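Just add 217 to the spot in the sequence shown (first one is 1) and you have our numbering. Using N, Cα and C, we set each Cβ at its ideal position, and we do this for glycine too. Here the structure is a predicted model, which is why all the values come from computation and not from measurement.
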Amino acid sequence: MTSRASMTPGTEMVLGKIYGHHDALDAVASEQRRVITGSEDGTARIWSFSEKQVESCDVTLEAPPTENAGYGGLTSASFAPCTSTRASDSELVLTSHRDCSVRIWRSTGQLVLSIPPEASAASAASGTEPPTKPRPAVQGKALPKGHQDYVNMAMWHSSGQYVLTCSDDKTAAVWNADTGKCVVSLKDASKGHFDSVTRVAWSQTDDSRLVATASYDGNALVWDWHTGTIFQTLPSHAHLATQSGHAAAVWDVAFSHDDTKLATASKDREAKIWDPSIGALKHTLKGHEKEVLRVCWNPEDSNQIVTCSMDNTAMVWDLRREQAPVTTLDHHTGAVWSVQYGRDPKTIVTGSHDMTALVYDQRLRLPKCICAGHTGILWEAKLSSDDSWLLTGSEDTSTRVWNLMTGARRPPCHILRIGQAGHRKAVTCAAFYETK
C-alpha cells in the first residue's frame with residue numbers, strides 16, 4: 218500500500234446499459250441527486266441522477282490547457298459541507314491531486330482557486346483576491362504556498378471556511394478556503410513526522426482546536442491547528458514508560474463523534490484507541506491477520522468501532538467488552554479497502570478488492586445487499602447520508618450508484634457514463650452532494 222502511483226491504470230471499456238428502477242414510489246423516483254467522481258485520468262465529474270435514470274454529467278472539472286502537462290490523478294473529491302455557514306458554499310467542490318495541488322471549484326466548472334496559487338477564473342476576472350478571513354496567528358513559521366509532493370487527501374472543515382490536507386512531503390496543513398493561503402503548516406522539526414502523512418482528521422465537535430495526522434513513520438499525532446503545535450504525541454511523554462505506539466506505518470486516524478477517543482489503524486495488524494486529551498493508550502485491538510487499513514466510529518456510540526483489513530475481513534469492536542471483536546464480517550474474498558457505518562448504525566458497508574461492496578445488518582452478521590457488477594477492484598464505497606444509495610468507484614473506470622431502497626438482495630444500479638464511456642482511468646474517489 219502506497220500513496221504514490223501504485224494503482225495501475227484501469228482498462229478502458231465501454232460501459233453497459235444503465236439499469237433502471239421500476240417499482241419505486243413516484244415521489245422518491247423524481248428526487249434529484251448529485252455525486253462527484255474523481256479519477257486517475259486527472260478529471261472530476263459531477264453527475265445528476267434520479268430513481269429512474271441518470272440525467273446527465275453536469276460538468277467535467279479538469280485543468281485549463283496551460284496546466285495539462287503533469288496534471289495529477291485525483292486522491293479525494295467532495296462537495297462543501299451542508300453544515301457550512303455560508304449558503305454559497307453549497308456550490309463549491311474540493312479536489313486533491315497527485316501533482317501536489319489542491320483545487321476548489323464551482324460546481325458549474327469554474328476553477329475558483331488552486332493551492333499552490335494559479336490563475337483562477339475568479340481572480341482573473343476581477344484582478345483582485347477575495348477578502349482574507351481573520352485567522353489564527355502562528356508565530357515564527359514561514360507558511361508554504363503549497364505542498365511539495367503528492368497530496369494524499371483534502372477535507373473541508375464543517376464551517377466550510379478551511380481545508381485540511383496531508384502530503385507525501387511529510388506535512389499536513391490548514392488553508393483558507395476563500396484565499397487559498399496557508400493558515401498553518403503542521404510540522405515540527407524535532408517531534409513531527411519524518412515520512413509521508415497518509416491521513417488526517419478534524420475533531421468532531423465545533424469548538425475543538427484539534428486535528429490528527431497519521432504517517433508512514435509509524436506515528437499518529439494530535440495538533441492544535443490554531444497554533445500549529447503538537448498537542449499530544451501518541452503515547453505522550455508521560456506514558457512512554459508503560460505504553461507504546463504502532464510498530465509500522467499508520468494508515469488511518471479518526472476521532473469519535475464526541476472527541477473523547479481517537480482511533481488509529483496500522484500495518485502492524487492492530488488498531489489502537491487513544492485518549493487524545495492526555496495522549497494515553499486505552500485499547501489495543503488485535504484480531505486481524507494482515508494490515509488494518511481503515512477505522513470508522515459508530516456515529517452514535519463512542520464505544521463501538523469497525524475496522525477493515527487486507528485479510529479480507531471487517532471487524533466490529535465494543536470497547537466495553539473483552540478485546541476480541543464482537544462481530545467478524547468475513548464474506549469478502551479480497552482485501553476490504555473501505556468500511557463505513559450508515560446513518561443508522563445497524564448498517565455497515567464494506568468495499569473490497571474482490572470487486573464487490575456488501576451492505577450488512579450487523580445484528581444478523583450477514584450481508585443484506587450484495588452490490589456486484591464491477592470488473593475491477595473497488596477503491597471507494599460510500600453511503601448517502603440517508604442510507605438510501607451506495608456509491609462505488611472502481612479500477613474498471615466506472616462509478617455505480619446502487620438503489621438500496623428497493624430492499625433487493627442484489628440492488629439495481631445506475632452506471633455513470635457519458636455516451637459509451639466513463640472516466641479514462643480508475644475511479645479513485647467519489648462523494649454524494651448532501652443537503653442535510
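Give the secondary structure of His314 by DSSP, where H, G and I count as helix, E and B as strand, and everything else as coil.
strand
Cβ shell of Pro351 (< 7 angstroms), same chain only, five flanking positions each side left out
Low per-residue confidence applies at Pro351: pLDDT is 43, beneath 50, and the placement is therefore not dependable, though the value from the model is reported in the following sentence. Scanning its chain for C-beta atoms nearer than 7 angstroms, with the 5 sequence neighbours on each side dropped, one finds no residue around Pro351.
Taking DSSP as the reference, what is the three-state secondary structure of Glu597?
strand
Roughly how many angstroms lie between the CA atoms of Phe649 and Phe472, to the nearest whole one?
22 angstroms
Could you tell me which residues DSSP puts in a beta bridge with Gln449?
Val439
Going straight from the alpha carbon of Val467 to that of Lys507, what length do you get?
13 angstroms
Tell me the rounded alpha-carbon separation between Val425 and Ser331.
The identity of residue 425 in the sequence shown is Ser, whereas the question assumes Val. When rounded, the distance between both Cα atoms is 27 angstroms.
Span separating the alpha-carbon of Thr592 from that of Cys586
18 angstroms
Considering Asp492, what are the terminal residues of the beta strand (DSSP E) in which it resides?
Segment Glu487 to Asp492, the beta strand (DSSP E) holding Asp492.
For Pro334, which residues of its own chain have a beta-carbon under 8 angstroms away from its beta-carbon, when the five flanking residues on both sides are left out?
Here the set comprises Lys362, Gly363 and Gly397.
Can you give the beta carbon distance from Leu381 to Ala389, rounded, assuming they're within the 8 angstroms contact cut?
7 angstroms
May I ask you to list the residues that DSSP assigns as paired with Phe472?
Leu479
Just checking my contact of Thr292 with Val368 at CB under 8 angstroms: how many whole Å lie between their CB atoms?
6 angstroms
Under the three-state DSSP convention, the category Leu621 falls into:
helix
Would Gly559 and Leu600 be called neighbours here (beta carbons separated by less than 7 angstroms)?
yes
When we look at the beta-carbon of Val458 and count the other beta-carbons within 10 Å, is it buried (16 or more) or exposed?
Before going further, note that residue 458 is Ala rather than Val in the sequence given. Exposed.
Where does Ala455 fall in DSSP's three states?
The three-state secondary structure of Ala455, taken from DSSP, is helix.
Three-way DSSP call (helix, strand, coil) for Asn285 in this model:
Annotation note: pLDDT 43 at Asn285 (below 50); position unreliable, coordinate value reported separately. Asn285: coil per DSSP, three-state reduction.
Boundaries of the beta strand (DSSP E) in which Asp535 is found, first to last residue
Ala531 to Asp535 is the span of the beta strand (DSSP E), which, as asked, contains Asp535.
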